[in-house]
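Q: Dropping the structure in here first, questions after.
Numbering (the working numbering), first residue to last: 23 to 85.
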């Protein structure tokens with residue numbers, strides 16, 4: 023299995039976690055995908071989750 027195939031698996035797994043609103047595991051999967059393939063669609067997906075968390079959890083980042 024190539025790094026791109028592994029990255030795709032992590033990306034898909036991250037999408038499943040994201041659909042369940044399991045942000046922590048989604049981000050972990052996206053991070054692994056990006057490490058294996060910096061051009062993975064996980065880059066955009068991770069940015070999207072980061073933006074969601076920054077918007078909805080402002081008090082966590084700005085106490």
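No residue lacks a Cβ here, since even glycine has one placed at the ideal position from N, Cα and C.
How far does the alpha helix (DSSP H) with residue 42 in it reach, from first residue to last?
A: Translated into positions along the chain shown, residue 42 becomes position 20. That residue, residue 42, is in no alpha helix (DSSP H); it is neither H nor E in DSSP.
Q: Should residue 62 be labelled buried (16 or more other beta-carbon atoms within 10 Å of its own) or exposed?
A: Position 40 of the chain shown, counted from the first residue, corresponds to residue 62. That one is buried.
Q: Compute the Euclidean distance between the alpha carbons of residue 49 and residue 23, then round it to the nearest angstrom.
A: Here residue 49 is taken as the residue at index 27 of the chain shown, counted from 1. Here residue 23 is taken as the residue at index 1 of the chain shown, counted from 1. Cα-Cα distance, rounded: 22 angstroms.
Q: Residue 72 by DSSP, collapsed to three states: which one?
A: Position 50 of the chain shown, counted from the first residue, corresponds to residue 72. Helix.
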